[in-house]
Amino acid sequence: MGASGTRDFLPPDRIRADHFGLEGTRLPYAKFPRDPEGFERITPVVLPAISPFSIAPAELTNISLRLKVGIGEKVMIGGFIISGSEPKRVVVRALGPALLGAGISDALVNPVLELNDSAGNSLAHNNSWRDAQQDQLIATGLAPAHDSEAAIVQTLQPGAYTATVNGADDGTGVGLLELYDGDASADSRLANISSRGFVGSGSDVMIAGFIVSGSAGQARLIVRGLGPSLSDRGVAEPLFDPLLEVRDVNGTLITANDNWRETQETEIASTSLAPQTDLEATSMISAAPGAYTATLRGNDGAAGIGLLEIYKLD
Ligand SMILES: [Ca+2]
Ligand SMILES: [Ca+2]
């Protein structure tokens with residue numbers, strides 16, 4: 312039942328979806344989804360009500376992106392937008408060796424992480440998490456398990472940001488980029504998130520795990536899988552024919568789309584988010600609080616640079 316390539320999508324024990332840690336009086340960190348195919352190992356995740364007083368509508372919170380990190384245009388780039396009026400504290404992690412323990416044999420051995428603003432200015436750069444913000448990271452409960460892994464704690468003003476993961480010394484392998492909302496009570500939200508990088512076949516497809524948080528309501532989301540239009544952005548080897556799937560934490564298929572005009576054409580065209588080419592994939596979904604997995608791959612196992620985007624509509 313699981314999406315192709317999600318078989319080995321096993322995060323480390325301490326960040327699995329049913330594991331919540333309280334940070335003082337802050338709201339719990341929700342963790343990203345577990346392996347949709349690992350039925351013998353998982354129990355269905357029910358996100359707890361955050362507090363008796365919290366009736367906020369559903370929001371997009373944490374995300375994890377997994378893909379095969381290469382060099383040049385094959386590095387992993389996660390994009391996110393913080394909307395609202397207040398700064399938001401985020402924790403960003405770049406993991407690789409943690410995947411080795413989860414059965415990924417070609418994990419990225421030594422990830423390097425960089426955080427940039429929308430103008431491309433570097434806000435933070437980290438190779439080994441102990442080198443810069445060790446104490447802060449330990450205090451968040453999100454310190455990586457391996458010294459070669461990278462992490463950054465940063466308070467960000469509303470705006471658009473990117474986090475880039477590459478391998479030290481041009482190393483390549485499957486990497487995991489995670490973004491945690493460390494300040495869910497702030498008047499600011501993660502509005503859009505995206506993942507750009509190499510989309511291969513098998514276990515090298517692009518996978519995005521994301522959490523819809525909140526104790527009530529549903530989030531209206533648009534999920535897009537782009538490829539051909541990236542050539543307009545200077546990508547030399549775009550994914551020719553993207554195929555998109557979204558599953559819930561149990562591995563149940565929520566939606567699948569190959570070419571966006573085939574389903575929901577009218578609804579999608581009524582937004583500003585209709586893809587530029589017919590081969591690109593888009594789905595609109597209403598998502599109850601919970602953990603989800605979106606998978607981007609190429610039709611017929613083709614490979615190339617793809618962009619997976621998740622937008623939250625108001
Ligand atoms: Ca490193
Ligand atoms: Ca397609």
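Residues 312 to 625, numbered by our numbering, are exactly what the sequence shown covers, in order.
Positions of the beta carbon are idealized from the N, C-alpha and C atoms, including for glycine.
Remember, predicted model here, so these are calculated numbers, not experimental data.
### Task
Consult DSSP for PRO469 and reduce its assignment to one of helix, strand or coil.
coil
### Message
Tell me the rounded alpha-carbon separation between ALA328 and ALA602.
### Response
In this predicted model, ALA328 has a pLDDT of only 30, less than 50, meaning its place in the structure is not dependable enough to derive any value.
### Query
Under 7 Å between the Cβ atoms of PRO455 and GLY395?
no
### Query
Which residues does DSSP pair with THR475 in a beta bridge?
ILE388 and GLU425
### Cβ shell of SER540 (< 6 Å), same chain only, five flanking positions each side left out
GLN587 and THR588
### Query
Within 10 angstroms of its Cβ, does LEU333 collect 16 or more other Cβ (buried), or is it exposed?
Per-residue confidence for LEU333 stands at a pLDDT of 26, beneath the threshold of 50, marking its modelled position as unreliable; no derived number is given.
### Query
Taking any heavy atom of ligand 2 as the mark, which residues have a C-beta closer than 7 Å to it, listed down the chain?
Residues flagged by the Cβ proximity filter: ASP552, PRO553, LEU554, ASP569, ASN570, LEU590, GLU591, ALA592 and ASN610.
### Message
Does GLY609 come out as helix, strand or coil in the three-state DSSP assignment?
### Response
strand
### Task
Using 6 Å as the cut-off, classify the Cβ of ALA268 as near or not near the heavy atoms of ligand 1, replying yes or no.
Any property of residue 268 remains undetermined from this structure, which presents the chain solely from 312 to 625.
### Message
Under 6 Å: does the beta carbon of VAL423 sit that close to some heavy atom of ligand 1?
### Response
yes
### Task
For the alpha helix (DSSP H) containing ILE415, list its first residue and its last residue.
Run containing ILE415: none; DSSP gives neither H nor E here.
### Given ALA435 as reference, the closest of ALA474, ARG535 and ALA497 once Cα atoms are compared
Selected option, being the one with the closest Cα: ALA474.
### Query
Should SER634 be listed as close to ligand 1, given that the test is whether its C-beta is under 6 Å from any heavy atom?
The requested residue 634 does not occur in the structure, where the chain is confined to residues 312 to 625.
### Query
Quick one: any contact between the segment 398-411 and the segment 520-534, if contact means 3 or more CB pairs under 8 Å?
no
### Task
Report the residue from ASP417, ALA450, GLU556 and PHE391 whose alpha carbon sits nearest the alpha carbon of ASN427.
PHE391
### Nearest-angstrom beta carbon gap, VAL546 and ILE594 [assumed within contact, 8 Å]
In the sequence as presented, Ile is not what sits at residue 594; that position holds Ser. 22 Å between Cβ atoms; not a contact.
### Task
Spatial neighbours of PRO549 within its chain, please: CB distance less than 7 Å, with the 5 preceding and 5 following residues excluded, ordered by chain position.
GLY538, PRO539, LEU541, SER542, GLY615 and ILE616
### Message
ALA369 and ALA530 - do their beta-carbons sit closer together than 7 Å?
### Response
yes
### Message
Under 6 Å: does the beta carbon of ALA479 sit that close to some heavy atom of ligand 1?
### Response
Checking the Cβ of ALA479 against ligand 1 gives yes.
### Message
Quick check: is any heavy atom of ligand 1 less than 6 Å from the C-beta of ALA443?
### Response
no
### Residue from LEU376, THR606 and VAL485 with nearest C-alpha to VAL420
VAL485
### Contact under 7 Å by Cβ, ASN570 with LEU555
For ASN570 and LEU555, no; Cβs fall outside 7 Å.
### Message
At a cut-off of 6 Å, would you count SER459 as near ligand 1, judging by its Cβ distance to the nearest heavy atom?
### Response
yes
### Query
By Cβ distance, which residues of its chain are closer than 6 Å to ARG572, with the 5 residues on each side in sequence left out?
These residues qualify, in order along the chain: ASP589.
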